[in-house]
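Its first residue numbered 15, the sequence shown is counted upward by one per residue in our numbering.
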Amino acid sequence: MRVLIVNTAERTGGAAIAANRLLHALNRNGVEARMLVRDRKTDAPEVASIPRSWLLKPKFLWERGVIWMNNSFKKRGIFQVDIANAGTDITGMDEFHWADVIHLHWTNQGFLSLHNLERIFTSGKPVVITMHDQWYFTGICHYSGYCEKYQSQCEKCPMLKGRGTDLARQVFDRKQAMYEGRNVTFVGCSRWMADLARKSRLTQGHTVTNVPNAIDTDVFAPMDKTAARLKFNLPTDKRLILFGAQRITDPRKGFDFLVEACEHINMHHPTLPDKLGVVVLGGDAESVKKALPLPVYTVGYLSEEREIAQLYNAVDLFVTPSLQDNLPNTIVEAMACGVPCVGFDVGGIPEMITHKQDGYVADYCDSIDFAQGIAWCLYEDRAAALGAAARATALAAYSEAAVAARYLDIYQSSLSDN
Numbered sequence: 015m016r017v018l019i020v021n022t023a024e025r026t027g028g029a030a031i032a033a034n035r036l037l038h039a040l041n042r043n044g045v046e047a048r049m050l051v052r053d054r055k056t057d058a059p060e061v062a063s064i065p066r067s068w069l070l071k072p073k074f075l076w077e078r079g080v081i082w083m084n085n086s087f088k089k090r091g092i093f094q095v096d097i098a099n100a101g102t103d104i105t106g107m108d109e110f111h112w113a114d115v116i117h118l119h120w121t122n123q124g125f126l127s128l129h130n131l132e133r134i135f136t137s138g139k140p141v142v143i144t145m146h147d148q149w150y151f152t153g154i155c156h157y158s159g160y161c162e163k164y165q166s167q168c169e170k171c172p173m174l175k176g177r178g179t180d181l182a183r184q185v186f187d188r189k190q191a192m193y194e195g196r197n198v199t200f201v202g203c204s205r206w207m208a209d210l211a212r213k214s215r216l217t218q219g220h221t222v223t224n225v226p227n228a229i230d231t232d233v234f235a236p237m238d239k240t241a242a243r244l245k246f247n248l249p250t251d252k253r254l255i256l257f258g259a260q261r262i263t264d265p266r267k268g269f270d271f272l273v274e275a276c277e278h279i280n281m282h283h284p285t286l287p288d289k290l291g292v293v294v295l296g297g298d299a300e301s302v303k304k305a306l307p308l309p310v311y312t313v314g315y316l317s318e319e320r321e322i323a324q325l326y327n328a329v330d331l332f333v334t335p336s337l338q339d340n341l342p343n344t345i346v347e348a349m350a351c352g353v354p355c356v357g358f359d360v361g362g363i364p365e366m367i368t369h370k371q372d373g374y375v376a377d378y379c380d381s382i383d384f385a386q387g388i389a390w391c392l393y394e395d396r397a398a399a400l401g402a403a404a405r406a407t408a409l410a411a412y413s414e415a416a417v418a419a420r421y422l423d424i425y426q427s428s429l430s431d432n
């Protein structure tokens, strides 16, 4: 079986990382897979990119420009939506003709337009869509928040402030026509995402299921903690918690709640602060350093998986105060390294962390409970058991073999329906 994975980027962003890991998982488990991207970062032979063109950037700017004009000429929020009015036709490429199954991942920001997607759906090849956010089953938004219009009819999107063209309705109706009668299978990375998708009018009549993201559990594995700390010049005499994101200042990542939780620890857990430090991973780590009331150690941006795995092994706890998330790769990575996690009860996070077994699930947006979770997990008598349980969870649910087997079933089913 030959599968073509399609994603905007090869390496940048959570969806790209997940798609790339699936590529390797499939190839190591009996499926011949290739990847097609717009933004290629390596010379890996199994990864191809669309032909470079001076039109790529103008296409992207045109899409943003239309959104900007329909947002009362305001920049705020224009990256929370995508209208897919510009892109590149991939159906004539050799990689497309080679494939038995087309597996779409995150294809926004000027990679594939609605017209390009339509060409894929009408090509006669079965299509599998992995939903890294809600875009494939809403009108134009990546995350709908409290809005439930996508369940019946997206229109007058609350994320756009303008009164011009109803972009949400326009794109929603186009997607409806595009999916109707086509061999399309929708896959959520989490049960939470799949449950949301099932409620959408756009997915009715189609199979909706869920498969978690894969991880190489040989790379992300327990290592010597002292050696890992020395590599990153981290103190060996402190309990360290790790917080990281591609954009730490993104409001969805909940950094302010981490600050509040650390302040609560300072006031109500007097024995902890002197022993505690926060490691911050991300491109803008330095900009948030002063906000935290505990010693902060910034690492900057890491791209190599083995180096990232070493960093997880250098800490005692991973925290993700994310306010809206699907199935964070970071939690999977930490757990595979035997590091317990603390997160809010939102999105796919409670599916990943078993409360007080391999981590702590705090009440949503409750920084005090988040602080309690940090303190509870760092209690020395339970740290080893939590770490072992986290590793066991990762091996059972997220290993390459387990995830590849589940996708193979989906591919075979979609081919038999063709």
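No residue lacks a Cβ here, since even glycine has one placed at the ideal position from N, Cα and C.
Keep in mind the model is a prediction, meaning the values are calculated, not measured.
| Asked | Found |
| --- | --- |
| Lys139 burial status per 10 Å Cβ neighbour count (16 or more: buried) | buried |
| Any 3 or more C-beta pairs closer than 8 Å across the region 316-328 and the region 349-359 | yes |
| Cα-Cα separation, Ala241 to Gln165 | 51 Å |
| Cβ contact check for the region 270-284 and the region 382-402: 3 or more pairs under 8 Å | yes |
| Whether Glu109 touches Leu18 by CB criterion (8 Å) | yes |
| Where Glu394 sits in the DSSP three-state scheme | helix |
| At least 3 beta-carbon pairs within less than 8 Å: the region 145-160 vs the region 45-63 | no |
| C-beta contact flag for Ala261 and Asp298 at 8 Å | Looking at the sequence itself, residue 261 is Arg, so the reference to Ala does not match. It is a contact, given that the beta carbons lie within the stated cut-off. |
| Check whether Trp206 and Gly361 have beta carbons under 8 Å apart | yes |
| Segment limits, beta strand (DSSP E) that includes Leu254 | Arg253 to Gly258 |
| Cutoff 7 Å; reference Arg188; Cβ partners in own chain excluding five residues on either side | Leu128 |
| Residues of its chain near Leu295, where Cβ-Cβ distance is below 6 Å and the 5 sequence neighbours each way are ignored | Gly258 and Val313 |
| Segment limits, beta strand (DSSP E) that includes Asn21 | Arg16 to Ala23 |
| Per-residue burial, Ser301 [other beta carbons within 10 Å of its own, 16 or more giving buried] | exposed |
| Contact the region 195-202 vs the region 377-385: 3+ CB pairs below 8 Å | no |
| Beta-carbon contacts of Lys239 that lie in its chain and below 7 Å, excluding the five residues immediately before and after | Asn327 and Ala328 |
| Test item: CB-CB of Glu414 and Asp209 under 8 Å | no |
| Contact the region 65-76 vs the region 121-135: 3+ CB pairs below 8 Å | yes |
| Spatial distance of Ala416 from Ala408 (CA atoms) | 10 Å |
| Three-state secondary structure assigned by DSSP to Ala8 | Because the chain spans 15 through 432 in this model, residue 8 falls outside it and cannot be assessed. |
| Extent of the continuous beta strand (DSSP E) run through Leu118 | Val115 to Leu118 |
| Cutoff 8 Å; reference Thr217; Cβ partners in own chain excluding five residues on either side | Phe151, Tyr193, Phe200 and Ala211 |
| C-beta atoms of Ala418 and Val45 nearer than 8 Å | yes |
| Secondary structure of Arg420, DSSP reduced to three states | helix |
| Beta-carbon spacing of Arg322, Ile345 below 8 Å | The displayed chain sequence assigns Ile, not Arg, to residue 322. No, the pair does not count as a contact, with Cβ atoms beyond the cut-off. |
| Of the residues Thr179, Ser317, Leu248 and Thr221, the one placed nearest Asn84, counting alpha carbons only | Thr179 |
| Limits of the unbroken beta strand (DSSP E) element including Asp53 | Glu46 to Asp53 |
| Residues of its chain near Met237, where Cβ-Cβ distance is below 8 Å and the 5 sequence neighbours each way are ignored | Ala323, Gln324, Asn327 and Cys351 |
| 7 Å CB neighbourhood of Leu429 in its chain, flanking five on each side removed | Asp114, Val115 and Pro140 |
| Alpha-carbon spacing of Arg253 relative to Leu337, whole angstroms | 25 Å |
| Candidates Gly79, Lys89, Ala98 and Trp112: closest to Glu60 by CA position | Trp112 |
| Helix, strand or coil at Ser428 according to DSSP, with G and I counted as helix | helix |
| C-beta contact flag for Asn41 and Ala32 at 8 Å | no |
| Close Cβ partners of Leu308 (< 8 Å) along its chain, the five nearest in sequence each way excluded | Cys276, Ile279, Asn280, Pro287, Leu290, Gly291 and Val292 |
| Residue from Asp264, Ala376, Tyr412 and Ala410 with nearest C-alpha to Gly91 | Asp264 |
| Nearest residue (CA-CA) to Thr102, options Arg243, Ala376 and Val20 | Val20 |
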